[in-house]
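Numbering (our numbering), first residue to last: 9 to 235.
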């Protein structure tokens with residue numbers, strides 16, 4: 009799905025990833041589950057570019073449906089993998105993901121239906137360790153948004169009015185909501201509100217669900233008020 013001339017969304021069986029174009033360079037934000045490499049390569053080709061244009065891979069967190077193909081894509085041309093320090097051990101295969109706190113029957117049922125079917129991710133080295141507050145080469149500000157995982161992060165492109173939330177925020181059937189399967193639900197709510205407080209966000213891109221394509225700041229604030 010081409011969102012703008014610079015922004016493309018890739019949908020997978022579970023979750024999604026994004027390509028951000030900055031001139032002749034691409035940033036891959038999340039990678040989908042293991043085995044998603046061919047789909048990513050096809051999306052890059054659809055932009056009339058080569059996979060060598062992927063200059064960096066930024067992971068919003070270390071779950072298998074977002075970091076699953078990171079090792080595969082990194083192996084193509086050595087694009088450095090960026091991740092928050094609190095999820096580095098998860099991405100590198102040194103520890104399992106934190107257990108989620110499932111707060112409702114519907115969430116437990118959803119977890120049982122989806123998560124066991126996501127293939128395990130190959131361990132992937134993290135080349136750039138983030139802590140929040142950095143501004144990356146393509147203009148994105150890194151925001152620590154723990155709660156889904158300890159090392160969840162968001163990316164805010166203030167000059168372009170774009171926010172990538174990872175799984176801290178989701179969309180389902182037209183409703184913006186707190187992401188599911190959070191390791192610390194209370195902290196996840198705080199992280200949702202931190203992103204909703206950002207000004208000038210027009211486009212919000214989630215790890216699951218359709219993006220908000222206009223007026224995202226207002227939409228996020230309305231949703232945050234219901235938490």
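Glycine included, every Cβ here is placed at the ideal spot set by N, Cα and C.
Would residue i be called buried (16 or more neighbouring beta carbons within 10 Å of its own) or exposed?
i           : result
residue 109 : exposed
residue 71  : buried
residue 12  : exposed
residue 188 : buried
residue 228 : buried
residue 41  : buried
residue 221 : exposed
residue 120 : exposed
residue 205 : exposed
From what residue to what residue does the alpha helix (DSSP H) around residue i run?
i           : result
residue 113 : 113 to 122
residue 146 : No alpha helix (DSSP H) holds residue 146; DSSP gives it neither H nor E.
residue 228 : 224 to 232
residue 194 : 193 to 204
For residue i versus residue j, is the C-beta distance shorter than 8 Å?
i           : j           : result
residue 48  : residue 36  : yes
residue 45  : residue 93  : no
residue 87  : residue 39  : no
residue 129 : residue 76  : yes
residue 202 : residue 153 : yes
residue 122 : residue 85  : no
residue 140 : residue 166 : no
residue 81  : residue 134 : no
residue 90  : residue 136 : yes
residue 52  : residue 34  : yes
residue 156 : residue 74  : no
In whole angstroms, what separates the C-alpha of residue i from that of residue j?
i           : j           : result
residue 176 : residue 216 : 10 Å
residue 211 : residue 149 : 15 Å
residue 83  : residue 234 : 43 Å
residue 218 : residue 19  : 10 Å
residue 27  : residue 214 : 13 Å
residue 64  : residue 30  : 12 Å
residue 168 : residue 126 : 33 Å
residue 226 : residue 179 : 15 Å
residue 174 : residue 15  : 15 Å
residue 161 : residue 107 : 18 Å
residue 199 : residue 50  : 33 Å
residue 103 : residue 96  : 9 Å
residue 132 : residue 24  : 19 Å
Counting along the chain, where does the beta strand (DSSP E) carrying residue i start and finish?
i           : result
residue 212 : 211 to 214
residue 48  : Element bounds for residue 48: not the beta strand (DSSP E) but the alpha helix (DSSP H), 45 to 54.
residue 183 : 183 to 186
residue 24  : 24 to 30
residue 74  : Unbroken run through residue 74 is the alpha helix (DSSP H), 72 to 75; no beta strand (DSSP E).
residue 82  : No beta strand (DSSP E) holds residue 82; the alpha helix (DSSP H) holding it covers 78 to 85.
residue 178 : 177 to 180
For the region 183 to 192 and the region 139 to 150, state whether three or more C-beta atom pairs, one from each stretch, are separated by less than 8 Å.
Touching, no, given that fewer than three Cβ pairs across the two stretches are closer than 8 Å.
Can we say the region 50 to 59 touches the region 192 to 201, given the rule of at least three CB pairs closer than 8 Å?
Not touching, per the Cβ criterion.
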